[in-house]
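Student:
Residue numbers (full-length UniProt numbering): 1 to 456.
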């Protein structure tokens, strides 16, 4: 990612400081950045709307104030995202030594990290012990023996298998202990002298049924009760991820938050139990903040089997890059032509059945088929919104094609919010903003009044 960040660019606009966060149109902002950027580059790039991330966090605090988010680093590990979320006080869900180290480098306390990979390399367990990351998950007996040997003072969370049949990406085939095995695993942990402090589950990434959370929380309470009988005093419930981060989904975050809140009140009432509730959101925070701009580098007109004219466009990013999400994350993408000037935008164009290919030599590098687009020309741009989750994080440089660079949009209101964070100097480094460019007397914003950081 360091190579990506070196090419980062930020464009700020002079918007009214009295404007509410919710009233600023992020897409218009991104369009301004794209329009300026396409005149000076032929490489693919992302535009990151920083305000969108802040808005998501504010909504989380409003809708699920009882649940502390631990951001899933694997979803998008761009340094500016991690810096920003650390500044907002999030915890972090890490799956490897590298992810743990990247978060600790932000001066995040080890106590704010959960090593949420149930099947860990032994050297990673040793490393977690050495750096003070004590909270970690398990779902099998062999993992308990590894932890007992290499991190006996850890605080363990048993991950249980739950119904994830309503999720786009299902994990139950790989992770999670069956409910009828939970008692045995807890007994083994007790015999080994380990401390099991909680239960976790994951209803699947891209969950499309809020009831999945309610059922999973009820199952977690069942395991809590078993643990109490065995002699553990559990005090953490991890409700995992699966929270939507885009508008193009059949269920909203607000709907899920309502079901989660009601279910927590039923099974873990706040005034009757001393249980901390955490979650592992990833795509919720970043999916809609990233817009990808790609260039049409080649074009081929073809005739379909029924004699219709069709188009094939070759873009400078593909499934070996950002669009790996179409394979591994099972997501759909939505291309939108972007015209740099009014003449192009209003040009009369024939609408054609189109296929979008990536730039590599592999014929599997197909981004999307059978999409109706106005006829495009080589050198024109196609953008894809809501591209922040499981895209750049899993991209490769296969065939020698570079990863997209990052550009940032930050309006003045958001800029002043960022300036109040202790980590502002680090954030500013990624945004390529000189402190002398910012006149403090022009601003009067309180991050607590914005509802971005809970007041205790």
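Yeah, the Cβ is synthetic: ideal placement off N, Cα and C, and Gly gets one too. Being a predicted model, the structure only gives us computed values, none of them experimental.
Can you have a look at residue 458 and say buried or exposed, based on whether 16 or more other CB atoms are within 10 angstroms of its CB?
Tutor: With the chain running from 1 to 456 in the structure shown, residue 458 is simply not present.
Student: Excluding the 5 residues flanking residue 275 on each side, which residues of the same chain have their C-beta closer than 6 Å to its C-beta?
Tutor: 235, 237 and 268
Student: Quick check on residue 414: buried or exposed, where buried means 16 or more other Cβ atoms within 10 Å of its Cβ?
Tutor: buried
Student: Just the Cα atoms here: how many angstroms apart are residue 323 and residue 425?
Tutor: 32 Å
Student: Would you give the residue range spanned by the alpha helix (DSSP H) that residue 460 belongs to?
Tutor: Because the chain here runs from 1 to 456, residue 460 falls outside it and cannot be looked at.
Student: Where residue 331 and residue 325 are concerned, what is the direct C-alpha to C-alpha distance, given to the nearest angstrom?
Tutor: 6 Å
Student: Closer than 8 Å to a non-hydrogen atom of the ligand MN - does that hold for the CB of residue 250?
Tutor: Questions concerning the ligand MN fall outside what the structure shown contains, since it holds no ligand whatsoever.
Student: Rounding to the nearest angstrom, what Cα-Cα distance links residue 67 and residue 279 in this structure?
Tutor: Residue 67 and residue 279 have their C-alpha atoms spaced approximately 7 Å apart.
Student: How big is the Cα-Cα spacing for residue 129 and residue 104?
Tutor: Using only the alpha carbons, I get a separation of about 13 Å.
Student: Determine, using beta carbons only, whether residue 321 and residue 397 come nearer to each other than 9 Å.
Tutor: yes
Student: For residue 365, which of 410, 411 and 312 has the nearest alpha-carbon?
Tutor: 312
Student: Please classify residue 180: is it buried, with 16 or more other beta-carbons within 10 angstroms of its beta-carbon, or exposed?
Tutor: exposed
Student: For residue 388 versus residue 249, is the C-beta distance shorter than 9 Å?
Tutor: no
Student: Figure out for me which residue from 150, 271, 115 and 202 has the closest Cα to the Cα of residue 174.
Tutor: Its Cα nearest to that of residue 174, the residue 202 stands out among 150, 271, 115 and 202.
Student: Taking the alpha carbon of residue 245 as the point to measure from, which residue in 282, 308 and 125 has its own alpha carbon closest?
Tutor: 282
Student: For residue 198, write down the residues that DSSP places opposite it in a beta bridge.
Tutor: 157 and 236
Student: Rounding to the nearest angstrom, what Cα-Cα distance links residue 265 and residue 314 in this structure?
Tutor: 52 Å
Student: Pick from 189, 70, 47 and 306: whose alpha carbon is nearest that of residue 289?
Tutor: 47
Student: Counting along the chain, where does the alpha helix (DSSP H) carrying residue 102 start and finish?
Tutor: Run containing residue 102: 97-104, per the alpha helix (DSSP H) assignment.
Student: Cα separation between residue 50 and residue 407?
Tutor: 10 Å
Student: Can you give me the start and stop residues for the beta strand (DSSP E) that residue 93 sits inside?
Tutor: For residue 93, the enclosing beta strand (DSSP E) has its first and last residue at 91-94.
Student: Note down, one range per segment and in chain order, each alpha helix (DSSP H) of at least 4 residues found wholly within the stretch 116-156.
Tutor: Qualifying alpha helix (DSSP H) stretches, in chain order: 122-131 and 141-150.
Student: Using C-beta distances below 6 Å, list every residue in its chain close to residue 87, excluding the 5 sequence neighbours before and after it, in chain order.
Tutor: For residue 87, where only same-chain residues beyond five positions count, the Cβ hits under 6 Å are 421 and 423.
Student: May I ask you to report which of helix, strand or coil DSSP gives residue 298?
Tutor: strand
Student: Would DSSP call residue 72 helix, strand or coil?
Tutor: strand
Student: Go to residue 417, then tell me how far its alpha helix (DSSP H) extends in each direction, as first and last residue.
Tutor: 412-419
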